[in-house]
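**Student:** Per this note's numbering, the sequence shown runs over residues 213 to 590. Virtual Cβ for every residue (Gly too), placed ideally from N, Cα, C. Keep in mind it's a predicted model, so treat the numbers as computed, not measured. Pasting a structure below so you can have a look.
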Amino acid sequence: MKLYEYQVKEIFSKYGIGIQKGKLAKTPQEAKQVAAVIGGPVVLKSQVLVGGRGKAGGVKIIEDLNDVEKAADKILKTEIKGYKPIGILVLEKIEIKQEFYLSIVFDRKIKKTVIIFSSFGGMDIEEVSKKHPQKIAKIYVEELLGLQDFHINRLLPLLNNDREILSKLKEIVKKLYSIYKKSDSMIVEINPLALTENGDLVALDGKMEIDNNAEYRQKSLTDTENKDVEDPIELIGKEAGFVVIKLKGNISIISNGAGLALSTLDLLDKYNMGVANILDLSGGATPEKVMRAIKVVIQDKDVKGILFNIFGGITRCDEIARGIAGALNSIPEGISVVCRLQGTNRDEGINILKDVNLDADTDLEETVKNIVSIMNRG
Ligand code: GDP
Ligand code: MN
Numbered sequence: 213m214k215l216y217e218y219q220v221k222e223i224f225s226k227y228g229i230g231i232q233k234g235k236l237a238k239t240p241q242e243a244k245q246v247a248a249v250i251g252g253p254v255v256l257k258s259q260v261l262v263g264g265r266g267k268a269g270g271v272k273i274i275e276d277l278n279d280v281e282k283a284a285d286k287i288l289k290t291e292i293k294g295y296k297p298i299g300i301l302v303l304e305k306i307e308i309k310q311e312f313y314l315s316i317v318f319d320r321k322i323k324k325t326v327i328i329f330s331s332f333g334g335m336d337i338e339e340v341s342k343k344h345p346q347k348i349a350k351i352y353v354e355e356l357l358g359l360q361d362f363h364i365n366r367l368l369p370l371l372n373n374d375r376e377i378l379s380k381l382k383e384i385v386k387k388l389y390s391i392y393k394k395s396d397s398m399i400v401e402i403n404p405l406a407l408t409e410n411g412d413l414v415a416l417d418g419k420m421e422i423d424n425n426a427e428y429r430q431k432s433l434t435d436t437e438n439k440d441v442e443d444p445i446e447l448i449g450k451e452a453g454f455v456v457i458k459l460k461g462n463i464s465i466i467s468n469g470a471g472l473a474l475s476t477l478d479l480l481d482k483y484n485m486g487v488a489n490i491l492d493l494s495g496g497a498t499p500e501k502v503m504r505a506i507k508v509v510i511q512d513k514d515v516k517g518i519l520f521n522i523f524g525g526i527t528r529c530d531e532i533a534r535g536i537a538g539a540l541n542s543i544p545e546g547i548s549v550v551c552r553l554q555g556t557n558r559d560e561g562i563n564i565l566k567d568v569n570l571d572a573d574t575d576l577e578e579t580v581k582n583i584v585s586i587m588n589r590g
């Protein structure tokens, strides 16, 4: 889950990383009030969960406080890459001497934490890596050793050998590393990290993405309005104890295992049939669990058909069938159900479904063809 800049900066400030004075405003009037308290030139920043706001009109420097309200109104009405801002961060404008880039990322490929620093901040790091690869340093941290001073000392050449800046940077890298660790983040990023005229380092922007698998132990960070950004059906699923993925189409896939669900998705795609959502029952589903799952997916307005793809192992097909049969009355008329049952107690399952007049097949492709023809009939 991503955090908004204003939330990231609250965390930065708790850990002693320098940030500008400022506050989140929800309306143009509020923005004006905050600016008045700051009392000088301000920066207005659209609060959305995507980067590149500067280029998209989401960051405005306002010299004259009389212009704040109008500019804030415009920013609030401007979508950035399809996202509506949830507010504006109003900050005191800082005079920048130089912009750096600093991030700590978990590199999935090599399964290590890497610290990325560049003396070319402010722009996309991808862009820097193309145009000025020699201005980027990557430092890999060994998990057992942790972050050490000598790691950070390697950045000295990129700082024109300025030891005073290095020692300030060292503090920030250490603090950022603590944040990264304590918050179970996949990435924490400061871009730009600004060097001011008086030689201070200030985080002008902040990005954080918390590992979704760690949400259960990061409740204080993740119980926020950011959840609104997830699709409602994913949230309904989560509250019912399932992982639901919202997609574009009309078929809901319910299966026991993510791999099985994805192969179903591929096969439906082969027949040009879009998928509304995927719900993973995972192992050992009971009839009650199946009924709960059906209750979730039918709340997705896009769903016109449900395809069960079950491969019984620990999960028993008859249990699944009992759940489907039990939920049948609650499924709206416009939604068709087809089932592919294979594995443990397959035949019992198919018989249970036959009794309630439901199609069931042991072959996945046949089942997919079946729902495709039902959908094409309308
Ligand atoms: P992003 O485009 O979403 O990454 O938004 P940023 O917060 O990084 O802002 C974009 C750019 O606006 C930065 O790279 C800076 O060049 C500029 N900017 C942001 N805040 C200030 C500030 O306080 N003073 C000055 N002079 N420029 C700023
Ligand atoms: Mn930025």
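Under the three-state reduction of DSSP, which class applies to V515: helix, strand or coil?
**Tutor:** Along the sequence shown, read from residue 1 onward, the residue named residue 515 stands at position 303. Correct three-state label for V515: coil.
**Student:** Using C-beta distances below 7 Å, list every residue in its chain close to I510, excluding the 5 sequence neighbours before and after it, in chain order.
**Tutor:** Numbered from 1 along the sequence shown, position 298 holds the residue referred to as residue 510. These residues qualify, in order along the chain: I543, P544 and I547.
**Student:** Spell out whether any CB of chain D is found under 8 Å from the CB atom of N541.
**Tutor:** Among the chains in the structure shown there is no chain D, since it carries only a single protein chain.
**Student:** Do you know offhand how far V260's Cα is from Q554's?
**Tutor:** Locating residue 260 in the sequence shown gives position 48, counting from the first residue. Locating residue 554 in the sequence shown gives position 342, counting from the first residue. About 45 Å.
**Student:** Figure out for me which residue from Y313, D530, I518 and T579 has the closest Cα to the Cα of L370.
**Tutor:** Your numbering for residue 370 matches position 158 in the sequence shown. Residue Y313 is the option with its Cα nearest to L370.
**Student:** I want to check one thing, is the minimum distance from the CB of G263 to the heavy atoms of ligand 2 below 7 Å?
**Tutor:** Position 51 of the sequence shown holds residue 263. Under cutoff, so the answer is yes.
**Student:** Specify, as a first and last residue, the run of the alpha helix (DSSP H) that I384 falls within.
**Tutor:** If you number the sequence shown from 1, residue 384 lands on position 172. Unbroken alpha helix (DSSP H) run through I384: R375 to K394.
**Student:** If we ignore side chains and look at the alpha-carbon of each, how far apart do V400 and D573 end up?
**Tutor:** Stepping through the sequence shown from its first residue, residue 400 is reached at position 188. Stepping through the sequence shown from its first residue, residue 573 is reached at position 361. Here the alpha carbon of V400 sits roughly 48 Å from the alpha carbon of D573.
**Student:** Can you tell me whether D197 is buried or exposed? The criterion is at least 16 other CB atoms within 10 Å of its CB, across all chains shown.
**Tutor:** Residue 197 lies beyond the stretch modelled for the chain, which goes from 213 to 590, so this question has no answer here.
**Student:** Cutting at 6 Å between CB atoms, please list the residues of its own chain near E560, excluding the five before and the five after it.
**Tutor:** Locating residue 560 in the sequence shown gives position 348, counting from the first residue. Closer than 6 Å at the Cβ level, and outside the excluded window around E560, lie D530.
**Student:** Helix, strand or coil: which one does DSSP assign to N425?
**Tutor:** Stepping through the sequence shown from its first residue, residue 425 is reached at position 213. Helix, per DSSP.
**Student:** Ends of the alpha helix (DSSP H) at E560?
**Tutor:** As a working mapping, residue 560 is identified with position 348 in the sequence shown. Where E560 is concerned, the enclosing alpha helix (DSSP H) stretches over R558 to D567.
**Student:** State the start and end residues of the unbroken alpha helix (DSSP H) segment that holds L477.
**Tutor:** As a working mapping, residue 477 is identified with position 265 in the sequence shown. Per DSSP, L477 belongs to the alpha helix (DSSP H) from A470 to K482.
**Student:** Would you call the stretch 328 to 348 and the stretch 373 to 380 in contact, with 3 or more CB pairs under 8 Å?
**Tutor:** Taking a cut-off of 8 Å for Cβ pairs, the stretch 328 to 348 and the stretch 373 to 380 do not touch, as fewer than three such pairs fall below it.
**Student:** Determine whether the beta carbon atoms of F523 and N462 lie at a separation below 8 Å.
**Tutor:** Counting from 1 along the sequence shown, the entry for residue 523 is found at position 311. Counting from 1 along the sequence shown, the entry for residue 462 is found at position 250. No.
**Student:** Tell me the rounded alpha-carbon separation between A539 and Y428.
**Tutor:** Translated into the one-based positions of the sequence shown, residue 539 becomes position 327. Translated into the one-based positions of the sequence shown, residue 428 becomes position 216. Between A539 and Y428, the C-alpha separation is close to 30 Å.
**Student:** Around the Cβ of K460, are there at least 16 other Cβ atoms within 10 angstroms (buried) or fewer (exposed)?
**Tutor:** By one-based count along the sequence shown, residue 460 stands at place 248. Classification of K460: exposed, given that the 10 Å Cβ count is below 16.
**Student:** Suppose you measure from the CA of Q232 to the CA of V255; what does that come to, to the nearest Å?
**Tutor:** Here the question's residue 232 lines up with position 20 in the sequence shown. Here the question's residue 255 lines up with position 43 in the sequence shown. Taking the straight line from one Cα to the other gives about 10 Å.
**Student:** Around the Cβ of D512, are there at least 16 other Cβ atoms within 10 angstroms (buried) or fewer (exposed)?
**Tutor:** Counting from one through the sequence shown, the residue named residue 512 turns up at place 300. If you draw a 10 Å sphere on the C-beta of D512, you find 16 or more other C-beta atoms in it, and that means buried.
**Student:** Tell me the rounded alpha-carbon separation between K309 and E339.
**Tutor:** In the sequence shown, the residue the question calls residue 309 occupies position 97. In the sequence shown, the residue the question calls residue 339 occupies position 127. So the two alpha carbons sit approximately 21 Å from each other.
**Student:** Are the beta-carbon atoms belonging to S315 and I306 less than 8 Å from one another?
**Tutor:** Taking the first residue of the sequence shown as 1, we reach residue 315 at position 103. Taking the first residue of the sequence shown as 1, we reach residue 306 at position 94. Against a cut-off of 8 Å, the Cβ pair of I306 and S315 comes out as no contact.
**Student:** Can you tell me whether D512 sits near ligand 2, meaning its C-beta is under 7 Å from at least one heavy atom of the ligand?
**Tutor:** On the sequence shown, residue 512 is found 300 positions in, with the first residue counted as 1. D512 Cβ: outside cutoff for every heavy atom of ligand 2.
**Student:** Measuring only the C-alpha atoms, how far is E421 from L433?
**Tutor:** On the sequence shown, position 209 is the one that residue 421 refers to. On the sequence shown, position 221 is the one that residue 433 refers to. Rounded to whole angstroms, E421 to L433 spans 11 Å at the Cα level.
**Student:** Would you report the Cα separation of V515 and F362, rounded to the nearest angstrom?
**Tutor:** On the sequence shown, position 303 is the one that residue 515 refers to. On the sequence shown, position 150 is the one that residue 362 refers to. When rounded, the distance between both Cα atoms is 56 Å.
**Student:** For K507, which residues of its own chain have a beta-carbon under 8 Å away from its beta-carbon, when the five flanking residues on both sides are left out?
**Tutor:** On the sequence shown, position 295 is the one that residue 507 refers to. These residues qualify, in order along the chain: A452, A539 and S542.
**Student:** Taking all protein chains shown into account, decide if V249 is buried (16 or more other Cβ within 10 angstroms of its Cβ) or exposed.
**Tutor:** The sequence position of residue 249 within the sequence shown is 37, counting from 1. It counts as exposed.
**Student:** Comparing alpha-carbon positions, which option in A505, T527 and G517 lies nearest R589?
**Tutor:** The residue given as residue 589 occupies position 377 in the sequence shown. The option with the nearest alpha carbon to R589 is G517.
**Student:** In whole angstroms, what separates the C-alpha of K238 from that of I322?
**Tutor:** Indexing the sequence shown from 1 puts residue 238 at position 26. Indexing the sequence shown from 1 puts residue 322 at position 110. Spanning the two alpha carbons is a distance of roughly 42 Å.
**Student:** Is the separation between the beta-carbon of P297 and that of L303 shorter than 8 Å?
**Tutor:** By 1-based counting over the sequence shown, the position of residue 297 is 85. By 1-based counting over the sequence shown, the position of residue 303 is 91. In this structure, L303 does not lie closer than 8 Å to P297 by Cβ.
**Student:** Quick check on T166: does DSSP put it in helix, strand or coil?
**Tutor:** Only positions 213 to 590 of the chain appear in the structure, and residue 166 is not among them; the question remains open.
**Student:** Nearer than 7 Å: is that true of the beta carbon of N403 relative to any heavy atom of ligand 2?
**Tutor:** As a first step, residue 403 is located in the sequence shown; it is residue number 191 there, counting from the start. At least one heavy atom of ligand 2 is nearer than 7 Å to the Cβ of N403, so yes.
**Student:** Which of the three DSSP states, helix, strand or coil, is assigned to D412?
**Tutor:** On the sequence shown, residue 412 is found 200 positions in, with the first residue counted as 1. Residue state, collapsed to three classes: coil.
**Student:** Taking the alpha-carbon of L493 as reference, which of K272, A505, I384 and I448 has the nearest alpha-carbon?
**Tutor:** Within the sequence shown, the letter at position 281 stands for residue 493. It is A505.
**Student:** Need the endpoints of the beta strand (DSSP E) that K257 sits in, please.
**Tutor:** Against the sequence shown, residue 257 aligns to sequence position 45. For K257, the enclosing beta strand (DSSP E) has its first and last residue at V254 to S258.
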